[in-house]
Every structure is written in structure tokens, then in C-alpha cells.
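A.B. asks: Structure in C-alpha cells, see below.
Residue numbers (this note's numbering), protein chains in the order written: chain B, 1 to 508; chain S, 509 to 1016.
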């Protein structure tokens, strides 16, 4: 019904990074197109099209000319002087689905597909996406709806399909020191002959993600083709999933969730499962750490979350096992990319390490072995331990490091850590009674992790350890002296480690 | 705790209108400031400051230079080459209030003030504002919270204070043809000697707002100083409230509500009351039209909304009377700025007009007269009628038109309407049984209203009128032949007026 003419414009590029796809038009041209500042337009080139937000200018764009950021020019395969069509976009057809959602009505599979496709195509701004996410805080999706959401997120991105059964393990995170666990689990599983092409994220609010930690030892910014090639050869990868365009809607959602500091439970499930399904994963172990300062604070919440995963597993045809694990203090003895990479490597070399690290890695690997039938129920851990102790896991890890372009022969002590350090000593004799996850994360971030790979915290004692007065409790590392000072201030303010003795006070 | 240095940059302006305050920095400078694309920064000039979203460029900005849009340069009183300070902004302190809101906790007066101030200062993006609004769909504010919100919206904008008691009337709208009512009510009230400095909005989704309609006869884009000056002289104004910076948070909220097609009830109350309180209004009549196709569809909803207004009135110390009025079909016989301006003017000249228009205008004016004590309870309408019939209201209207720069002697027939027209005739003998508000709004918009002032719909018959076959039912007007064609298609599709006869069908 609407009179909507496409007009053509000559492309001129501008070297500015915008936060969303942008086109700058001459004010008069915009008026003739019937659009204003901030309107959404459709740019067409042949049969390709892309939406963008229109800005206007009286002078920097001539009539008949449009200015596009270089990134968009490149993405659309254009050059300066090329001609593109531009027309105003009315309300997208999926808008009715968003309206239904905000009215508390249920959406169909087709409606989710339309909504997510338009989100991925950049037709919606932050307001609409925030509305969709915030509605979930109050009005959760049904199981059926959640499965439609996940499917739509998978279908609107790149999909990988391997010839053999594909396994994966994923921790919902939140516990410091956890990023290194996969550096043991993945090689063990791959060494058992199972395909585990793991992709993981970089840290968002934590000091290290598995991708940050693996990056200390090898390249992680692999393409999809590289991952497929390496996984076929080595059975395992430890890659960064960020730019692979797997379930790209997820990245858009995560960006808004971060802005709003919200993390709707169902959206977290959708985020994890969509990425895994896009990678062709068929059997998946989910690790939910529970404890003070972890993402999930109590067991009943963890069980609730686990049951959402299990129900989605059957709706989405992916076999899922959930491990609820202890997350009340850091995993292992280190927090931060280089320190954690070193700790994982040391465990491989020495075939031993911190109990919390080794037990967790073997348990998760064991669960996968049981799912595959390589181990009888209950016997997975022992087979995993055998693979770990025999050195087959380390051999596999070296193979993966080499395949991802790293030096497989690197020794733990060769991994460089922060050049400035400070060791905190126990002021009294006693026992460590508390390590505060949140404080540890904040201090490691203050030290520069994850961007400064060498920054982080190393623990010399953990909960339950007995210490003498003057014994080292932890060491802070950073490559910036200023950041070390900053972290020291936080250290005395937040008291991340608590030693308690029998003697409480003396009266003079 | 954070290391945050302010760096200085040389200002260069760029003639592009952005959708929010923007600064473009050289990528290297951004890195040194520790900010990325899309980060929020604080720009400081002496003791003034403003937040902006940072974009980055490798080449179009030199090191040490920042590019600001001309509007922002002007707003900050800068010139090219001036030096400003720029520093990253961490999470705004009011962010904790937003988080509390999303967790379902109540906010204090201080928290609302901080949140609204940061919204007005442009510190939040659309995601955060959408989250605040969407949360209200599910978790309404308490009365106390709503009053804090209104106060914060008033305090963060321009405030006007007159020396004498200030009256106003406001319709929540939604019914076609309603925009002209104030062109009768305001002059009647002002002619009675009461101060009624009315500001109103332009149409957002309807074919005409009071500001659009008054603009056919006079200037409405007055400054605050002009409104105050005119109101002191004539007692009444009919101005546009859009650019006066009265409760500017409201404009920000409305923009996002439109994008999401939501209209949280409490936010509507906050919107109206904040604008009125900012204009210093102490006694206010609210008109809630009820009926099929109006904003409020049934009486119980209207009563609920009325009670929110009444409760806020006592919390905010503004005296409020609510009139629930019939809104099941258009008010008067015309819809669209010029047609409605003509109808209002004609009513003034002839001292009569469509019953729905005259009754409504007199009733609303009467309520104000009663609130002021100029009329005894129940006697307001008669005094209003006397002022209207005596011509004192028309004299006052002419005075207001002249004060606002219009021609007070203009005759109704001199008001230009659309040059293309089409008259729909009744296909049968019968009675008009239904006029569809929504269809009328859509058709008037399709004809070009409110931007094409002459576009709109004129009714020759309304509900209950008896018509012969071939009698005219309505006439469409537009200044665009293409738009008239478009509207004709809609007319046959939507059937905005229904005539029913006794005879339903004949068998051959």
C-alpha cells in the first residue's frame, strides 16, 4: 500500500567505525525518500541487500551520493563510485512477533525464525532487542518456545556438519581459574579417539576465557574451514568461537545483556546450545559450577538450570549430561591466561597438579567417554585418568598446539608471566577459611587480565590449607606497575583470602 | 580505583546529524584512553560536561583531534580548534538503580532522580531505556515510585512558574477529530479570565495533534519566553510543546515507546503530568475518550486510568479532574489539520457546530470553570456556553491567533484544504451504524495528514444519521493525487463507514 521508491546513490566510503551499519545521506535526498535521521533503510546491490541506519548531512554528502563506513563497503563488496539502491524500510514483518511477545502471547516456530532473522540482519536496534530480552526476565519462554528460539539462532548462521559423532563440553563459567580445565579435558577426549572440535569464548567479565588461555600457547582465531580441517586430523580443537558466525544472534544478545547487566537463564541456555548445535555437536556435557561467587549460588538453582538443559536436549535432539560441580573457590592454583596455560601445561608434563583441576578435568572427560560408550557407566573417570597419566593426553595436546600454529615443545616455565609481582604473606598462623571468587576476579581484571596475558593471581594456599605466619598466600602478576598498584589497593580492600587462627585477640 | 586520565583534544566539527551525541576519535588515542568503539566518554569544557558515544577512525581524525557533530559543537558553545577534555565513563552511578528495577526492587526518590538525570544527559543508550520501559509492562511502579518518576522528569528540564493559578486541559487522545476541541476550550477558559497556557504535541501516529491543527491558523513553535509573554497578555496559548525542553526525558521515552509500539499506562500518566507540572499547571482536567478504536476501549480501563491520575494528583500536589468521554466515533465532522481548523473556526463564527464537538468543548471548559470557582459545581457548562455563544470565546481565539502571529480575521472558507478530493456516496438507503476510528485514522494518514495540512476526511453523516441512496457519506482530501489513490484503495478495503438498511438481500 505504501509508496516506496528505491533511489540510487553513488557510494563514497568513510573510515569511521560505527556501532551499527550506517549510511549518511544528503538531507534533501533523505527528505525525498521520506526518511528522517535515524530511519532504517534497505541498501540493495544486485540481489544482495543490507539494512542500515540513516544519518543526514547538509554538506558532507552531495545530492545523489551516500557515505558508507569502510567496513560496510567491504562487507558488501563495493568500491567508491559504485551505485547502490536505497529505500526506506517500513515495520519489519517480524515486528508483530515482538509485539505478541510483549503482550505475553506465545510465538510459533515461524515467528521466532522471522524475528531472529531480522535481528541478525540488523533490522532492529538496541531497543527492540533489549525489549525481547527483558521480557524474558518476567515472562519466561515455554520449553517449546525456547527450542524454537535455539533453532532459529542456529539456522541464521553458519552450520558445520562432521561425518562422525561430535562431542563437546561446556562450562557455564563464573569461577576463577576454570578456563584451563578444557586444556586437559579436550586432549583426553580426543586422545580416546572421539571428535571434540571445541570452540569457546573470550572472557567477557572474567579474567580469562578458554580462548584467552589457549591463545597463550597457539592461535585460536581459526576459520571454520581450519577448525574442520584440524578437527579431522587431530580429533580436537581449542579455538575461539567469536568470529565464526555460528549462531550470530547470540553475539547480538550477549552485547545487550552486558549493557543491561542481565543474564536471563533461558537466554543463557539458548546461547550455549545454539553455538553447539551450529558446530554439529550431538553429545554434550554441561558443567554448572555452584558456590558462593559462582554464577549459580545454590544447588536448587543449579538443578533447575540443569533440568532446562535436559528438556531442551530432548526437544532439540542433542544428548546432554549435566555435571553440577563445586565452584566455591578458584579451580586449581592460578587465575589469568598465562598463569592458567602454564598450570595446565605443567599438569600435562608432570601428570599431576592441583586436585580441584585434575579431578574436574578427569570427571568431565569421563562423562564424555561414558556417553560415547568408550567407558561403562561409572568407569569414565578411570579411563580418563589412564589416558592422562599415560601421557597420551599430553601428546594429543601437543598435536593440537602444533595444528593451531603454536610451539608444541614449550615448557611450562617458558610461558611468560607478568614482569611485576607482589606476594601476599599470611599475617598469622592458622588455616585458610575463605577465598572470595568475586574479589579474585576483580583483582585479576585490575591487574590487566585477560588483555594482559601475563596478568593474574597465583595461589600458594587454598581453603583448608594450614599456613604459618609469613607463609606466602598468593602472588599478583602484571606487566603494568600502575595496574599492580591498583590491584594492591583492591587486595587490601577486598581481602580475597582469609586466614583464621585459634587466637582471636590478646588483651595487653 | 580506576586509572582514568582526562586527555585533551582539538575540536573539528562535522556536518552530520547523529541519533545521539557522538565523538569520533583516532583509533590510537581511543586505545590510549582505554576505550573501544561504542564506549561512552565524558567531554569537559571548563566546568561544563556532556557525555557522548565514541566512534573510532584510523584516518579521518588525526592524533589529538576529535570530531564532533555541528549540533553538539553548537550546544557546547565551541568552535573548531577549541580544546576539550575527554575521558572514559565507567558505569554511571545510576546504573545500580536500573539493575534494582530489573530485579523487581523498589527505587527511592534519589534513585529516580539519578536515573532520569543520566537518561536526559544521554548517558544511556536505547537498550537501557527500553529495559526501563519494558519492565513497567510486567512490574508496574508503585504510586509513590510513579510520583518520584514524574518529579524527576520535571526537575531535569525547563520549569515555568506563573504568578497566578495556572489551568490546563489535556486529552489522552486516540479519537480522530479530537485535535480541534482545544481550539474551543482554551479560548472559552481564557475568556473567563483564567490562565491556560496550553502546550500540546504534534500527531505521532494520529492524523492531527492540536499543535498541527492550530498551526494552520498561527505559529505554534513558540519559545518558552514567548509562551509566557503571550499567556500573560491573552491568558491563553495554543503552542507546540515539542522543543521547549519541558520534561525532556519524556521525549526520550516516547521515542523508544514508538519503536516498540508499547504504551505503558503509568508512563503515559508520567508523560502528561511531567509536561504539565513543568509548565506550572496547578489545576488540570484530563479527558479520557472511551470506545471502540479509541486508546481506551472500555469503561473499567478508563476508570482504572482515572484513578491513577487522581492518586498522582494528590501525591504531586496538582488538582486533577478526569472526564471520561464518548470516543466511539470521530469528534465533530472532520479529521486532519486544515479541515479541523476550519471546523473549529466555523463553530466560533457561527456559534454552533457538530454536537459532539460543541458539547465536549463546553463540558471540558465547564469543568475548569468549576475548579476555579468561577462556576458552582454543575453550572460550569452553562457559563462556558454563555461565553461561547456571546462571541467572547471567538474574540479571545482571534486574540490568541494574532498573538501567535496568525491572521485573526481569516474566514473558515479561506482555510485551504486538499486540492484533490473524492466523495463517497451511500450505496443504499438506511442508517449509519458504524464509523471505525482506526480505519479513519489510517485513511487520513494515507491521504498525507498531518504533514500535508490539507489532507483529511470530512464526514457528511455520522452514527445514527439516516441517508438516502446516493447521499454523500464522506469526502477525502489530499494535495497528492497518488496519495488520494492510495487512500481510495484503503477506503474500499477498510470500510470506515457502514450504512445498514432494512432490506438485506433480494432473491431474483
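Where is the CB? At the ideal position from N, CA and C, for every residue including glycine. Predicted model, so just to flag it, every value in this text is computed and none were measured.
1. What do you get for residue 257 of chain B, buried or exposed, if any count of 16 or more other CB atoms within 10 angstroms of its CB means buried?
2. Strictly below 7 Å CB to CB, what residues from chain B border residue 546 of chain S?
3. Between B:132, B:339, B:383 and B:423, which lies nearest to residue 188 of chain B when the distance is taken from Cα to Cα?
4. Please report the Cβ distance between residue 707 of chain S and residue 748 of chain S, rounded to the nearest whole angstrom; I am assuming they are in contact, meaning their Cβ atoms lie under 8 Å.
5. Taking only three categories from DSSP, how would you classify residue 876 of chain S?
6. Please list the segments of the alpha helix (DSSP H) lying wholly inside the stretch 897-973 of chain S, counting only runs of 4 or more residues, in order along the chain.
7. Please look up how many angstroms separate the CB atoms of residue 498 of chain B and residue 476 of chain B, rounded, as I've assumed it's under 8 Å.
8. From residue 30 of chain B to residue 752 of chain S, what distance separates their C-alpha atoms?
9. For residue 850 of chain S, is the classification buried or exposed, using 16 other Cβ atoms within 10 angstroms of its Cβ as the cut-off for buried?
10. Using 8 Å as the limit for Cβ to Cβ distance, is residue 633 of chain S near chain B?
11. Determine the chain B residues that contact residue 933 of chain S at a beta-carbon separation under 9 Å, and present them in chain order.
12. Roughly how many whole angstroms lie between the Cα atoms of residue 950 of chain S and residue 962 of chain S?
13. With 16 other CB atoms within 10 Å as the buried threshold, where does residue 93 of chain B fall?
14. According to a CB-to-CB cut-off of less than 7 Å, which residues of the stretch 640-663 of chain S neighbour chain B?
15. List the whole-angstrom C-beta distance separating residue 548 of chain S from residue 631 of chain S, where the pair is believed to meet the contact cut-off of C-beta under 8 Å.
16. Does any residue of chain B have a CB that is nearer than 8 Å to the CB of residue 778 of chain S?
17. Using a 10 Å radius around the Cβ and a threshold of 16 neighbouring Cβ atoms, would you call residue 493 of chain B buried or exposed?
18. Going by DSSP in three states, residue 557 of chain S sits in which element: helix, strand or coil?
19. Buried or exposed: where does residue 411 of chain B fall if 16 or more other Cβ atoms within 10 Å of its Cβ makes it buried?
20. In chain B, which residues lie with their C-beta within 7 Å of the C-beta of residue 567 of chain S?
21. Please confirm if residue 770 of chain S has its CB atom under 8 Å from at least one CB of chain B.
22. What does the alpha-carbon distance come out to for the pair residue 391 of chain B and residue 268 of chain B?
23. In this structure, how does DSSP classify residue 124 of chain B when only helix, strand and coil are distinguished?
24. Is there a Cβ from chain S that is less than 8 Å from the Cβ of residue 347 of chain B?
25. Straight-line CA distance for residue 61 of chain B to residue 171 of chain B?
26. Smallest Cα separation from residue 701 of chain S: which of S:927, S:667 and S:743?
27. Would you give the residue range spanned by the beta strand (DSSP E) that residue 85 of chain B belongs to?
28. Is the beta carbon of residue 428 of chain B less than 8 Å from the beta carbon of residue 469 of chain B?
29. On the three-state DSSP scale, how would you describe residue 3 of chain B?
30. Using a Cβ cut-off of 7 Å, pull out every chain B residue sitting near residue 564 of chain S, in sequence order please.
31. Can you pull out the residues from the stretch 98-132 of chain B whose beta carbon lies closer than 8 Å to at least one beta carbon of chain S?
32. Taking the continuous alpha helix (DSSP H) assigned at residue 225 of chain B, which residues delimit it?
33. Using a threshold of 8 Å, state whether the C-beta atoms of residue 401 of chain B and residue 217 of chain B are closer than that.
34. Anything in chain S within Cβ reach of residue 511 of chain B, meaning under 8 Å, just list it in chain order.
35. Please tell me whether residue 764 of chain S has its Cβ less than 8 Å away from any Cβ of chain B.
36. At least one CB of chain S closer than 8 Å to the CB of residue 24 of chain B: is that the case?
C.D. replies: Taking the structure as given:
1. Note on residue 257 of chain B: 16 or more other CB atoms within 10 angstroms of its CB, so buried under the neighbour-count rule.
2. 19
3. B:383
4. 7 Å
5. helix
6. 900-911 and 945-955
7. The Cβ separation is near 17 Å, so there is no contact.
8. 26 Å
9. buried
10. yes
11. Neighbours of residue 933 of chain S on chain B: none; closest Cβ ~24 Å, over 9 Å.
12. 16 Å
13. Exposed, since its Cβ has fewer than 16 Cβ neighbours within 10 Å.
14. 642, 643, 645, 646 and 647
15. The beta carbons of residue 548 of chain S and residue 631 of chain S sit about 6 Å from each other, so the pair counts as a contact at 8 Å.
16. False, the Cβ-Cβ gap to chain B never drops below 8 Å.
17. exposed
18. strand
19. exposed
20. 15
21. yes
22. 36 Å
23. coil
24. False, the Cβ-Cβ gap to chain S never drops below 8 Å.
25. 50 Å
26. S:743
27. 83-88
28. It is a contact, given that the beta carbons lie within the stated cut-off.
29. Because residue 3 of chain B sits at a pLDDT of 42, beneath the cut-off of 50, its placement in the model cannot be relied upon, and the following sentence gives the value as read from the coordinates. Residue 3 of chain B: coil per DSSP, three-state reduction.
30. Against chain B, the beta carbon of residue 564 of chain S has neighbours under 7 Å at 17, listed in chain order.
31. 98, 99, 102, 125, 126, 127, 128, 129, 130 and 131
32. 224-234
33. yes
34. Only positions 1 to 508 of chain B appear in this structure, which leaves residue 511 of chain B out of reach.
35. True, the Cβ-Cβ gap to chain B drops below 8 Å.
36. yes
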